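Data block below; observations after.
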Amino acid sequence: MICLEHQHLKLHIDPDKNRATLFTDCYAESPVPFLAAELDGAPREALPTRVVPPTRPVPDPGRVKAQPVAMVLEGDILTAFFADAGEVALQVELEEDFVTIRVLSCPERVEKLHFGGIFCPECGEEYKSAGMALNLHTNSDNLLGVKETLGAVAFRRFGIVDAAFAVLLAKNEDLRTVMGRVTRDITEDIPWNPKAGAFADDYPDVRYSYLMNHTGITMDTVENWIALANRFGAKQLDFHGGYSFRFGDLTPNSELYPGGKVDFMRVIDRLHDAGIQAGLHTYAQFIDMDSSYVTPVPHPGLGGYPFTLACDVDEGALTLPVLESTAHVSTKTGFFVRNSVYLMADGELMRFDGVGEREFRLAERGALGTTAAPHRAGCVMKHLLSCFGRFAPDPEGELYLAIARNTAEFYNEMGFDMIYLDAIDGSDIFAGAENAWYYGAKFVAEILKYVKKPPILEMSEMWHHFWYFRTRMGAWDHSNRGHKYLLGEHNQSNLRVRARNLLPQNYGWWSYGKADPLEPIQTRRQFLDDYEFWAGNALKNDWSLAFLPGGNGEQSDEMSRFAARIGEFEALRLGGAPVDWSEIGEREVMLVDGKPVPVTYQKALLTSYDAPSVPEVPAGETLCRLRVENRPYPAGEKGPALLSGDTRSLSLLASKNVTASLKETGEGITLAATQSGQIGYAKIDRPFPGGIDLSGTPGLYVMVQGDGKGEVLDLQLKSQKYALSGTLDRVITVDFVGWKCFNLIESDGGRLGEDYWPFSGGGHYNPYDHDPVFTVAEEVPLTQYEWHPSGLDLDIYFTNREKTDLREISMLSVWMNHMRDGEEYQVTIGEISPFPIDRKPVSGLVLTINGIDYPVGGELPVDAYLELEGGSWYAYDLEGKLLTGLTFPKLPVSIPEGSRITARAEGDYGIELTIGTTPCQIGENLV
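Just so you know, we're using my numbering here: the sequence shown kicks off at 406 and counts up by one.
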């Protein structure tokens, strides 16, 4: 055993087991290796030359994993001997609260070195441990933050020698101070942000909330935005680029700002005068296709994969023969797809729409405003890198750093206070997911070298070094359906991440969520209680908020009401009296007289085709909210069956711990499953090669024979990955015996958190490492998903944000879940068929409370709703404008426990009824 001690800290390294433990009093053997290497499987000169596919860069082949066979410590130099690779020398120095490990030498054959794998068994209630890379070419398999098993990694391509890592072990209350000392005094080439990492909590403005603008703020609209920000209680405004300024060269939009940067600066000066900070929101390294780096003459520093022209071509040629294989080249593109259909040759861009054997077939010469020109044989063209609809620079070239410096210069000149580096999660486009951390950190570090004042800095990804740069974390994209489910998961994620990395958390980006009339199922409106759920969690846990109001700062009647309520929560969070949460517990809250009180909501979908559902006021509660929304209903004849009694087009899949079978019966298809051990699933897949169009028939008629055991079925529709990456999920709980028919319209994405689902799919977000019973489609580093909405069991973005393309459905899956171990479950599916839906104004609306009818006069338009709160009725149309022409009933002063509430209307209708109840007595006219 190699033992080092310094004051109270001890480091024990077991050379025989290749394990290391850092502790004060309580030793335990480490579960992770202290040192390991990944070696080339072939000599360097034998590695093949290849063109790397733009969608999936290939790592060097044949890496061989190795661990040392012996270790020797002389002074502070630890030498480790590898049987097939030689020696690795490490400098190990123990300080008062941390140990540093530096690589002094490493054999050339080592492609990737894992070092400093240290276990801190005392990490818990009294002590906390963390690992910190000390320079930009040292990475870690962990995000920088609290963890008991720590370690670093270095790569030959970025430099292994001088890679350095610190492992900290300190009292809980001292850890942030020690992390700050390491940041200031021990890190080497990391341009750490004084308003980030260990120091972020020292700045009051880090707690402020912000609004995000996509349309540009001018002197004509700035007063609207100031008024809106004040109403929300927001003290910051974020300028999202792409319209107000171009990504890449950061040139202001001349239509909005005829005077260029001078006009832009005037707007920011006005915001500052109003006490509002301004944020610069870019797409990091990515470049708009109308940027000066693209047109009229493309910059040679644009990134891409090389192809050599095989013969001379003139300016009109539409076929380009090349020397290299084109087998990997695809014409599929999409917002999240890492691919383009553009070639760059000399000063010309060309768009291709087909690929042959060693040739590109062109659709356009002189694309994107460039000029067509002849090109000579031997010309090295580039198949340009693209992601998020933008080009990317060569990460090793000058343009890469120039864009970072542009960002710093624009920040300095305009007087911005914040920077959000969106799209930096696309850094995997440069050399694959394994190396994305390096190029992301390289870009941010270049910005921080040139900014003149420390920014409130955020980004759309989190890698180890970003902790040194980042002020706050937590921003997710908003949901389009299942709003409270995504918000609840986001809140829990913020709690976990805050505890681990000690950074302040943001609870954005939320939006003014209006229903899309063209997508009434996949986009759902957000209501007052959704915003109160959001703001209430922020109040309880001190999360700053971020909101996307849309438009030019105008306030609709509905938004004005919502903004005022959010502003009340914000005033309480930033300066109000402390809230006693012990009586509220985990329930939702609403504000009454400036104080949070608990509230619970129930929903019921009511149509003229189904038996009415009747929510009941729970014991000890009274009614405090009531809402009726106009929703779609079944209409017209069913389409051809998607699934019936034939199994030939079906495939059966199950997790490793589930035994499942599928058979045809005279009445349908019977799925039987038995689970043993951990959580599992079974599913039926019905593919549709080439896709089918369900845009006119989005509903699902389902006939199921149940066993009454409570299992859950998820009927999931998906389109091609490269089209839209979302899923449309409808859930049935099999709590019935015998046959039952369902007309499924609404998405049940919000219910999926009740179980574990191994969903994975295409596009931007993919889970990396499921429980062993699950199979994963594609590997992406786990670091992203320790903080982002993609969990290890369910990607919330797929189910609750992204849409599926109903015009091109490629798969129907029927999942079975929620099974008890050792018990057989069996359902028979008689039919799944699509059906059309319709919407129309609701007339003859009647609320029924305890058998007494309360009619509502007038028509409730499509995509409209009415709501009762605090004794007042509100009714809004699709755009959030207050409706006139409706008359509202006067309900009883008190609607107590046990009261039964439902609604109906004339003719065909679909409505969603929501009731809110509270145990608090809040005055006579609560409703």
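Note that CB positions come from ideal geometry on N, CA and C, so glycine has one too. Please read all numbers here as calculations on a predicted model, not as lab measurements.
Looking at the DSSP output, proline 711 shares a beta bridge with Lys787. Boundaries around methionine 755 are those of the beta strand (DSSP E), 753-761, since no alpha helix (DSSP H) includes it. Per DSSP, the beta bridge partners of threonine 1253 are Asp1258 and Thr1307. DSSP, read as helix, strand or coil, puts tyrosine 917 in coil. Around the beta carbon of arginine 651, 16 or more other beta carbons sit within 10 angstroms, so the residue counts as buried. About 39 Å separates the beta carbons of proline 436 and lysine 854, which is beyond the 8 Å limit, so they are not a contact pair.
Assignment of asparagine 885 by DSSP, reduced to helix, strand and coil, places it in the coil class. The residue from Asp719, Val627 and Leu1028 with its alpha-carbon nearest to that of cysteine 1325 is Leu1028. A direct Cα-to-Cα measurement between leucine 573 and leucine 714 gives close to 55 Å. The beta carbon of valine 551 is closer than 8 Å to those of Cys528, Lys533, Ser534, Ala535, Leu580, Ala904, Arg905, Asn906 and Leu907 in its chain, skipping five residues each way along the sequence. The beta-carbon separation of serine 865 and isoleucine 824, rounded to 12 Å, does not stay under the 8 Å limit for a contact. Here the region 596-610 makes no contact with the region 642-657; the two share fewer than three CB pairs at distances below 8 Å.
For the 8 Å CB-CB criterion, aspartate 643 and methionine 670 do not form a contact. Here the region 759-774 lies against the region 720-739, with 3 or more beta-carbon pairs under 8 Å apart. Annotation: aspartate 827 to tyrosine 688 spans about 5 Å, alpha carbon to alpha carbon. Pairing glutamate 553 with phenylalanine 796, the inter-Cα distance amounts to about 40 Å.
Residue pairing by DSSP places phenylalanine 520 opposite Leu440 and Ala557 in a beta bridge.
Between proline 1239 and proline 1103, the gap from beta carbon to beta carbon is short of 8 Å. DSSP places serine 965 in the helix class (H, G or I) of the three-state scheme.
Among the bridge pairs identified by DSSP, threonine 724 is matched with Arg766.
Between asparagine 1205 and glycine 887, the beta carbon gap of about 4 Å places them in contact (Cβ cut-off 8 Å). Scanning its chain for C-beta atoms nearer than 6 Å, with the 5 sequence neighbours on each side dropped, one finds around threonine 1138 the residues Val1117, in chain order. In this structure threonine 623 is buried. Its beta-carbon is surrounded by 16 or more other beta-carbon atoms within 10 angstroms. Counting along the chain, the unbroken alpha helix (DSSP H) around histidine 677 starts and ends at 666-678. Sorting Lys1114, Lys1286, Phe570 and Leu1057 by C-alpha distance to the C-alpha of arginine 1091 places Leu1057 at the top. Taking 8 Å as the upper bound for CB-CB distance, glutamate 1034 and isoleucine 1316 are in contact here, some 6 Å apart. Boundaries around asparagine 618 are those of the beta strand (DSSP E), 615-618, since no alpha helix (DSSP H) includes it. The residue from Ile1257, Asp1258, Asn1255 and Thr1292 with its alpha-carbon nearest to that of glutamate 1272 is Thr1292. The beta carbons of phenylalanine 520 and leucine 416 sit no closer together than 8 Å. Taken in chain order, the whole beta strand (DSSP E) runs of length 3 or more contained in the region 1067-1102 are 1073-1080 and 1087-1097.
Comparing C-alpha distances from glycine 1044 to each of Leu1055, Ile1097, Leu1120 and Tyr936 shows the shortest one belongs to Ile1097. For tyrosine 816, the closest C-alpha among the options Ile523, His780 and Pro657 is that of Pro657. At least 8 Å separates the beta-carbon of isoleucine 1234 from that of glycine 1131. Using a Cβ distance threshold of 8 Å, valine 849 and phenylalanine 871 count as a contacting pair. Restricting attention to beta strand (DSSP E) runs no shorter than 3 residues, the region 930-977 encloses them at 951-953, ordered along the chain.
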